[in-house]
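Each residue of the sequence shown is one higher than the one before, counting from 9 in the numbering used here.
Below is one structure, written out as structure tokens; the observations come after it.
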Amino acid sequence: MRTAPIFDRLGIGLTPGDSHYRAYVGPPQDYDLIAAMTFNLLTTAGLRQHHKLIDVGCGSLRAGRLFIPYLNSGKYIGVEPNEWLVKEAIEHEIGDDLVRIKAPSFIFKSTLSATDPLQADYAVAQSIFSHASRPQIANWLLDISDHLKDNGALFATFIIGNEDYNGDDWIYPGCVTYRLETMAQAAAHAGFRFVPLKWRHPRQTWALFAKAGYEVWWSDKIPLTWNSKIDTNK
């Protein structure tokens, strides 16, 4: 069998939403960049190998292919309604051996309701709220809050705008915007403390949704950087 050219396997030149495992989840040329950005944020914030992580909308394991080998066996939980994306990622990105060794678990649904308590330390939702309606965001925040420990935290992205998206539908591959105060209100309703982050994203804004017991080691005077993390010994 002829091996596909590297640009075909990577989906280079395709459009976000195209039926290719890398393109479906976003610009293929940024696949590596988004993964690195997400992994570096979580580990800088405090994610260690013994922690349990929920990857909301894990897609084709863009970031999961970094989190799965980093975390201890059984500590990665991917939530994704499109099962084909995960299957393609296992075939082309991580392989069956890593699945056997690290034992990630996958929930092929668009909700965590009716799921046994996961008691996770961290959750991440990269480019989920940028496509979701306000009711969908509210439901996800409540679900995630229920499945995080009392000292857990969610790191999520959204797109800041002057107006809120007021529809009820999931918009994809298009994006929607929300005002900062709208996201803060949604966070508070689910029992989270909302903190916009100075962690660069090519198109969106990162924010921390912290449970009451989550300790934020950075501040206005101590930036969220790897060097600061080491200096504060957290």
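Every residue gets a Cβ at the ideal spot worked out from N, C-alpha and C, and that includes glycine.
Let me confirm a value: residue i is counted as buried when at least 16 other C-beta atoms fall within 10 Å, else exposed. Which label applies?
i	result
H139	buried
I230	exposed
D301	For residue 301 there is no data in the structure shown, the boundaries of the chain being 9 and 242.
I145	buried
I238	exposed
H197	exposed
V184	buried
N241	exposed
For residue i, decide whether its Cβ has a neighbour in chain C, counting only Cβ atoms nearer than 9 Å.
i	result
A128	Included in the structure is just one protein chain, with no chain C present.
On a CA-only basis, which of the options is nearest residue i? Give me that one, please.
i	options	result
L24	V33, R17, G199, D16	Looking at the sequence shown, residue 24 is not Leu but Pro. The shortest Cα separation from P24 among V33, R17, G199, D16 belongs to V33.
Q127	P112, S153, Q134	S153
V94	S113, L149, L49	S113
P36	D129, L232, G19	G19
E189	G182, F202, Q134	F202
E91	G182, G65, H209, L232	G65
R142	F166, I109, P89	F166
A122	L150, D26, Y78	L150
N147	P210, M191, L22	M191
Can you round the beta-carbon distance between residue i and residue j to whole angstroms, since I take them to be within the 8 Å contact cut?
i	j	result
I98	D104	7 Å
A215	P204	5 Å
In chain order, which alpha helix (DSSP H) runs of at least 4 residues are fully inside the region 110–191? 142–155
In chain order, which alpha helix (DSSP H) runs of at least 4 residues are fully inside the region 35–89? 39–53, 72–78
Inter-stretch contact at 8 Å, needing at least 3 Cβ pairs: the region 150–160 / the region 219–226
yes
Specify whether the region 67–82 and the region 34–42 touch according to this definition: at least 3 beta carbon pairs, one from each stretch, less than 8 Å apart. Output reads yes: the region 34–42 touches the region 67–82.
Count Cβ pairs between the region 51–62 and the region 74–89 that sit closer than 8 Å; are there 3 or more?
yes
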